[in-house]
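Numbering (this note's numbering), first residue to last: 105 to 262.
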């Protein structure tokens, strides 16, 4: 029984490590032909932690993996970033990103298409059902034919 519990704990810890790999803390933010999600968060933000866990669950991670690059930006720390796929990349800081997106709450979630066109900006936490709708809207190119408000109304979210 102890061996089984130990094995299960090991498998669980590996799944957390693998899932955490969906969220990058890299300072070079690139689309590489994928959609992009920026999470502007802070150290003492419980909803940032919940969001990271939500994104790592199978339901949402399957909508992200191979379709989207997800970057975590700590807006309570001064860090430098390079944004874009072209050379030279745009140089910026976490504070500049906070100001650019008017982030007054954490998390602030900003989603872009593969060409770095901003498609969605969410001030605050979105639960897994809401996040699934936003990910489908972006990753299935629904945004090209339908505005977000209409899409969310049809889905019954608003």
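In this text, a Cβ means the ideal position worked out from N, Cα and C, and glycines have one as well. Note that the coordinates shown come from a computational prediction; the quantities given were computed from them, not determined experimentally.
Item	Value
Leaving aside the five residues before and after residue 183 along the sequence, list all residues of the same chain whose C-beta is less than 7 angstroms from its C-beta, in chain order.	131, 197, 198
Can you tell me where the beta strand (DSSP E) holding residue 186 begins and where it ends?	184-187
Cutting at 8 angstroms between CB atoms, please list the residues of its own chain near residue 246, excluding the five before and the five after it.	240, 255
For residue 238, name the three-state secondary structure that DSSP assigns.	helix
By Cβ distance, which residues of its chain are closer than 7 angstroms to residue 202, with the 5 residues on each side in sequence left out?	144, 179
In the DSSP output, which residue or residues are listed as bridge partners for residue 209?	BP columns for residue 209 are empty, so no partner.
What first and last residue would you give for the alpha helix (DSSP H) that runs through residue 142?	Segment 139-145 is the beta strand (DSSP E) holding residue 142; no alpha helix (DSSP H) there.
Report, in whole angstroms, the separation of the C-beta atoms of residue 139 and residue 171, which I expect to be a contact under 8 angstroms.	6 angstroms
Cutting at 6 angstroms between CB atoms, please list the residues of its own chain near residue 242, excluding the five before and the five after it.	139, 215, 223
The alpha helix (DSSP H) that contains residue 155, what's its start and end?	150-160
Which stretch, first to last residue, makes up the beta strand (DSSP E) that contains residue 226?	222-227
Excluding five sequence neighbours on each side, which residues of the same chain lie with their C-beta closer than 7 angstroms to the C-beta of residue 187?	133, 193, 194, 196
Since residue 155 and residue 229 are thought to touch, with beta carbons under 8 angstroms apart, how far apart are those beta carbons, to the nearest angstrom?	6 angstroms
For residue 207, which of 190, 137, 225 has the nearest alpha-carbon?	225
Which residues bound the beta strand (DSSP E) around residue 176?	172-178
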